[in-house]
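Trainee: These protein sequence lines map, in sequence, to chains L and R.
Heads up, this note's numbering is the position in the first sequence plus 523, with the first residue counted as 1.
Heads up, this note's numbering is the position in the second sequence plus 24, with the first residue counted as 1.
Ideal Cβ placement from N, Cα and C applies to all residues, glycine included.
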Amino acid sequence: MENKSTKLVVPTMAEMMATGENPDVLFWVGCAGSFDDRAKKITKAFVKILNHLDYKFAVLGAEESCSGDPAKRAGNEFLFQMQAMANIEVMNAYDVKRIVTTCPHCFNTIKNEYPELGGKFEVVHHTQLLQALIDEERLTVSGGAFKGKKITFHDPCYLGRANEVYEAPRSLIESLDAELVEMKRCKSRGFCCGAGGAQMFKEPEKGNKDINIERTEEALETKPDIIATGCPFCNTMMTDGVKNKEKEDEVEVMDLAEMIANAIDI
Amino acid sequence: MGISNLIFALFLGAATFLFGKNLLIIRRNILLGRDIDRTDNPSKRWKTMARVALGQSKMVVRPVAAILHFFVYVGFVIINIEVLEIVIDGLFGTHRIFAFLGGFYDFLIGFFEILAFLVLVSCIIFLIRRNIVQIKRFVMKEMDGWPKTDANLILVFEVLLMSAFLLMQAADLNLQNLGAEHYVKAGSFPISSHFAFLFEGMSLETIHLIERGLWWFHILGILGFMNYLPYSKHFHILLAFPNVYYSKLDAKGSLTNMASVKAEVQMMMDPNADPFAAPPEGADEEEPQRFGAKDVNDLNWLQLMNAYSCTECGRCTSECPASQTGKLLSPRKIMMDTRDRLEEYGKNLDENSADSEDGKFLLDDYITREELWACTSCNACTQACPINIDPLAIILDMRRYLVMEESAAPTELNMMFSNVENNGAPWQFPAVDRLNWKDEH
Ligand code: SF4
Ligand code: SF4
């Protein structure tokens, strides 16, 4: 279900500043969303929705730098704090108040770990923003291609357990008139995809199975048409898992932003 | 006061003294940890303690274990009221000193009996789960040897204590019915009356002897059990409460920002700071602390308290994605290792001088690097722990030591670090390309 291609309007904070404007929200794209081929599609889908709604947002562009999450969780607190303080300086210079991000790792770090270092922002995950837009009736969604489809949602650890956001992604799935099927381990007991804590950047330790395979098997047990996620890293891990199980023709791994963009046919 | 009262007083005194001494050692060990401030938000802390520790709210995830544990827990707390009477009787040679409470006393004793019976049955089921059904989390590698024995000993202890109590009641009932001198007609016997027949046909003297025997067995058992606690995972019955009180209140995903690093980074980023400036007066008097944790004394006191509180239940490990896919890492083992090393560390302090080192460390001698690098920081362990223990905090502090003191991260992670440092992303892409996606189709 590839989304249509349209010209994206993506102003940077610097451009906005130059015209004396102030965006309603800063879209923190994150490194995966900026550079990873699969994750870029999520970024674009989300921007399409924002464009479609004429939502006034901006990005930092070249001024954005890694939030520091992988460095921190790998134990490199120096590097983390250097990244954090540099990012905070940039955002405070632009007087940023609200941030939305498609990456739960950036979401968690900026929301929970930046304040003490001088960066106090209101941070939301894109599923929360989309849900709020639907609640405000600024965004109307109907099922489209997803009507009646079986969809299971994989809780990203840094959205779910780490920050207790369980409902927004689920109510988005419900707004698609789809059938939400839960995995055995879900919500606060959700099972990690295997990418967190900087595991994304290294080979796993030896064991009898890769974590993403274990999780994919559990997802496939629900016999879904789509495995929905809300994290670029979970997306990669689950996509790899589905490929490993040779199910890529039957089961798609999609981010909720992509699903919403697809459903409103943009 | 007769001779038996004197003997009782001696036992009671010795047991209390020994227990107190061991408590002080554990307190000293915990305070070997670094400082951490948990004086904030007392009202939320009390509420958390009431809900999680007192109310056992995180146990319900596994309903069977939750119900059985609830019986044992309530039984244990309430039956201890009865111990008060036993102690007074023991010291002053009285019998059922609280019998004057009349109907209320009868109700209490009956209630204790029912609880004792529930505790007994629960412990037997627990023994079956551990040894016959062999539930997976109880038979994993780190449970081999002492931990397994410890778990079984606790259960056997409780079975024996509860049996002694119920049989003592049954004997007492017989003595009351036979009109034995000294045995006031008091109490109720909803459970033990069913066992009264065991004493049928015995002489009053024999029953009396058995009753006294059981009485001594019961109270000495309790005193012994109390002194067993400091060596056992059963110590959680005391530490679970403060442990939950002081537990982390922030969002689970929030990891601490190291204050020592913050000071240095701020200095580096401040264009006006003079890197060669003399440190402020008195700043270098103390030896600089290690970054992160190599040994138990690099951890903070809460992490050490966590280790002493751990019940070794394995709920953390059974939810851990690394453990569940056969990696070496087990969050329960992290806690058990920390306690074992802390005990060893403390013993070395006691046996040698205060600043003696035994050449061992928590890192490598107990917890291997392979275990540490397998963690995904998913917080499944902290979510699962019924008493809010945080294995992830220890793992992170040990990674910090490896990275910041030894530069010993796996190669791929070092590559990631240098990418972040040089181009602001974990991969080798320049920052100017951050917006390329905008025009790609
Ligand atoms: S945070 Fe680490 S130790 Fe805890 S459950 Fe997750 S992977 Fe296991
Ligand atoms: S850390 Fe908590 S969940 Fe894990 S074994 Fe100890 S008490 Fe159980």
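Can we say the stretch 365-374 of chain R touches the stretch 50-60 of chain R, given the rule of at least three CB pairs closer than 8 Å?
Mentor: Result yes; three or more Cβ-Cβ pairs closer than 8 Å.
Trainee: From R/M167 to L/M605, what does the alpha carbon distance come to, in whole angstroms?
Mentor: For the purposes of this step, residue 167 of chain R is identified with residue 143 of the second sequence, where counting begins at 1. For the purposes of this step, residue 605 of chain L is identified with residue 82 of the first sequence, where counting begins at 1. So the two alpha carbons sit approximately 42 Å from each other.
Trainee: Should L/L743 and L/V776 be called a contact, given that it needs their Cβ atoms to be closer than 8 Å?
Mentor: Along the first sequence, one-based indexing puts residue 743 of chain L at 220. Along the first sequence, one-based indexing puts residue 776 of chain L at 253. Not closer than 8 Å, so no.
Trainee: Mapping the DSSP letters down to three states, classify R/T349 as helix, strand or coil.
Mentor: Taking the first residue of the second sequence as position 1, residue 349 of chain R is located at position 325. Three-state DSSP puts R/T349 in coil, outside helix and strand.
Trainee: For L/L652, name the three-state secondary structure that DSSP assigns.
Mentor: For the purposes of this step, residue 652 of chain L is taken as residue 129 along the first sequence, with counting starting at 1. Correct three-state label for L/L652: helix.
Trainee: Compare the Cα-Cα distances from R/T173 to each of R/N201, R/K257, R/F136 and report the closest residue.
Mentor: Within the second sequence, residue 173 of chain R is the residue found at index 149, counting from 1. Per the Cα distances, R/K257.
Trainee: Between L/T752, L/K746, L/C754, which lies nearest to L/K770 when the distance is taken from Cα to Cα?
Mentor: Within the first sequence, numbered from 1, the residue matching residue 770 of chain L stands at position 247. Out of L/T752, L/K746, L/C754, L/K746 has the C-alpha closest to the C-alpha of L/K770.
Trainee: Verify whether the separation of the beta carbon atoms of R/Q407 and R/K276 is less than 8 Å.
Mentor: Here residue 407 of chain R refers to the residue found at position 383 when the second sequence is read from its first residue. Here residue 276 of chain R refers to the residue found at position 252 when the second sequence is read from its first residue. It is a contact, given that the beta carbons lie within the stated cut-off.
Trainee: Can you pull the DSSP bridge partners for L/W503?
Mentor: With chain L represented from 524 up to 789, any question about residue 503 of chain L goes unanswered, as that position is not in the structure.
Trainee: For R/N412 versus R/N267, is the C-beta spacing smaller than 8 Å?
Mentor: Translated into the one-based positions of the second sequence, residue 412 of chain R becomes position 388. Translated into the one-based positions of the second sequence, residue 267 of chain R becomes position 243. It is a contact, given that the beta carbons lie within the stated cut-off.
Trainee: Interface residues of chain R around L/R684 at Cβ under 9 Å?
Mentor: As a first step, residue 684 of chain L must be located in the first sequence, where it is residue number 161. Those within 9 Å of L/R684 in chain R are K276, G277, C402, N403, A404, T406, Q407.
Trainee: Along chain L, which residues have their Cβ under 9 Å away from the Cβ of R/V183?
Mentor: Translated into positions along the second sequence, residue 183 of chain R becomes position 159. Those do not exist, as R/V183 stays about 33 Å from chain L at its closest Cβ, beyond 9 Å.
Trainee: For R/L144, which residues in chain L fall below 8 Å Cβ to Cβ?
Mentor: Counted from its first residue, the second sequence places residue 144 of chain R at position 120. Those within 8 Å of R/L144 in chain L number zero; the least Cβ separation is about 32 Å.
Trainee: Helix, strand or coil: how does DSSP classify L/M777 here?
Mentor: In the first sequence, counting from the first residue as 1, residue 777 of chain L sits at position 254. It is a strand residue.
Trainee: Helix, strand or coil: how does DSSP classify L/V647 here?
Mentor: Sequence index remark: in the first sequence, residue 647 of chain L carries index 124 (1-based). Note: L/V647 maps to strand in three-state DSSP.
Trainee: Which one of L/G553, L/A594, L/I783 has the shortest CA to CA distance from L/S694?
Mentor: Looking up residue 694 of chain L in the first sequence gives position 171. Checked all of L/G553, L/A594, L/I783; the closest Cα to L/S694 is L/I783.
Trainee: Pick from L/C754, L/G598, L/V619, L/L573: whose alpha carbon is nearest that of L/A655?
Mentor: Position 132 of the first sequence, counted from the first residue, corresponds to residue 655 of chain L. Answer by Cα proximity: L/L573.
Trainee: State the DSSP-derived secondary structure class of L/N731, mapped to helix, strand or coil.
Mentor: Locating residue 731 of chain L in the first sequence gives position 208, where the first residue counts as 1. Here L/N731 sits in coil by DSSP.
Trainee: So R/P397 contacts chain L; which residues on that side make the cut at Cβ distance below 8 Å?
Mentor: In the second sequence, counting from the first residue as 1, residue 397 of chain R sits at position 373. A small fix is needed here, since residue 397 of chain R is Trp in this sequence, not Pro. The contacting residues are K725, E728.
Trainee: According to the Cβ coordinates, are R/L253 and R/F35 closer than 8 Å?
Mentor: The count along the second sequence starts at 1 and reaches residue 253 of chain R at position 229. The count along the second sequence starts at 1 and reaches residue 35 of chain R at position 11. No, Cβ-Cβ distance for R/L253 and R/F35 is not below 8 Å.
Trainee: What number of angstroms, rounded off, separates the C-alpha of R/F181 from the C-alpha of L/M608?
Mentor: Position 157 of the second sequence, counting from 1, holds the residue named residue 181 of chain R. Position 85 of the first sequence, counting from 1, holds the residue named residue 608 of chain L. One C-alpha to the other measures close to 56 Å.
Trainee: Please determine whether the Cβ atom of R/T400 lies at a distance below 7 Å from any heavy atom of ligand 1.
Mentor: Taking the first residue of the second sequence as position 1, residue 400 of chain R is located at position 376. At least one heavy atom of ligand 1 is nearer than 7 Å to the Cβ of R/T400, so yes.
Trainee: Less than 8 Å between CB atoms is the rule here; does L/M524 satisfy it with respect to chain R?
Mentor: Taking the first residue of the first sequence as 1, we reach residue 524 of chain L at position 1. Residue placement at L/M524 is poorly supported in this model, since its pLDDT is 49, which falls under 50; the coordinates are not used for a value here.
Trainee: Which value, in whole angstroms, describes the spacing of the CA atoms of R/M250 and R/Y129?
Mentor: Numbered from its first residue, the second sequence carries residue 250 of chain R at position 226. Numbered from its first residue, the second sequence carries residue 129 of chain R at position 105. So the two alpha carbons sit approximately 26 Å from each other.
Trainee: With H, G and I counted as helix, E and B as strand and the rest as coil, what does DSSP make of L/M524?
Mentor: Taking the first sequence and counting its residues from 1, one reaches residue 524 of chain L at position 1. Note on L/M524: pLDDT 49, under 50, position unreliable in the model; the coordinate value appears next. Note: L/M524 maps to coil in three-state DSSP.
Trainee: With a threshold of 7 Å (Cβ to nearest heavy atom), would L/E690 be considered close to ligand 1?
Mentor: Here the question's residue 690 of chain L lines up with position 167 in the first sequence. L/E690 Cβ: outside cutoff for every heavy atom of ligand 1.
Trainee: What does a CB cutoff of less than 8 Å around L/R596 pick up in its chain, not counting 5 residues either side in sequence?
Mentor: On the first sequence, residue 596 of chain L is found 73 positions in, with the first residue counted as 1. The residues are G719, G720, A721.
Trainee: From this set, R/G44, R/N281, R/L184, which residue's C-alpha is nearest R/W240's C-alpha?
Mentor: What you label residue 240 of chain R is simply residue 216 of the second sequence in a count that begins at 1. When only C-alpha atoms are compared, the closest one is R/L184.
Trainee: Do L/G753 and L/D772 come within 8 Å of each other at the CB atom, strictly closer than that value?
Mentor: As a position in the first sequence, residue 772 of chain L is number 249, starting the count at 1. As a position in the first sequence, residue 753 of chain L is number 230, starting the count at 1. Cβ atoms of L/D772 and L/G753: not closer than 8 Å.
Trainee: In three-state terms, what does DSSP make of R/A38?
Mentor: As a first step, residue 38 of chain R must be located in the second sequence, where it is residue number 14. In this structure, R/A38 counts as helix in the three-state DSSP scheme.
Trainee: Just confirm the distance between the C-beta atoms of L/V552 and L/T566, as a whole number of angstroms; I'd bet it's less than 8 Å.
Mentor: Within the first sequence, the letter at position 29 stands for residue 552 of chain L. Within the first sequence, the letter at position 43 stands for residue 566 of chain L. Confirmed, Cβ separation roughly 6 Å.
Trainee: Helix, strand or coil for R/A175 per DSSP?
Mentor: Stepping through the second sequence from its first residue, residue 175 of chain R is reached at position 151. Here R/A175 sits in helix by DSSP.
Trainee: Using CA atoms only, rank isn't needed, just tell me which of R/S187, R/L228, R/M428, R/T400 is closest to R/Q313.
Mentor: Here residue 313 of chain R corresponds to residue number 289 of the second sequence, with the count starting at 1. Looking at the Cα atoms, R/M428 is the closest of the given residues.
Trainee: When you measure from the CB of R/I152 to every non-hydrogen atom of ligand 1, does any distance come out below 7 Å?
Mentor: For the purposes of this step, residue 152 of chain R is taken as the residue at position 128 of the second sequence. It does not: the Cβ of R/I152 is nowhere closer than 7 Å to a heavy atom of ligand 1.
Trainee: With L/I633 as the anchor, note down where its beta strand (DSSP E) starts and where it stops.
Mentor: Position 110 of the first sequence, counted from the start, is the residue given in the question as residue 633 of chain L. No beta strand (DSSP E) holds L/I633; DSSP gives it neither H nor E.
Trainee: Run the proximity test for R/A346: is its beta-carbon closer than 7 Å to any non-hydrogen atom belonging to ligand 1?
Mentor: As a working mapping, residue 346 of chain R is identified with position 322 in the second sequence. Flag set: Cβ of R/A346 near ligand 1.
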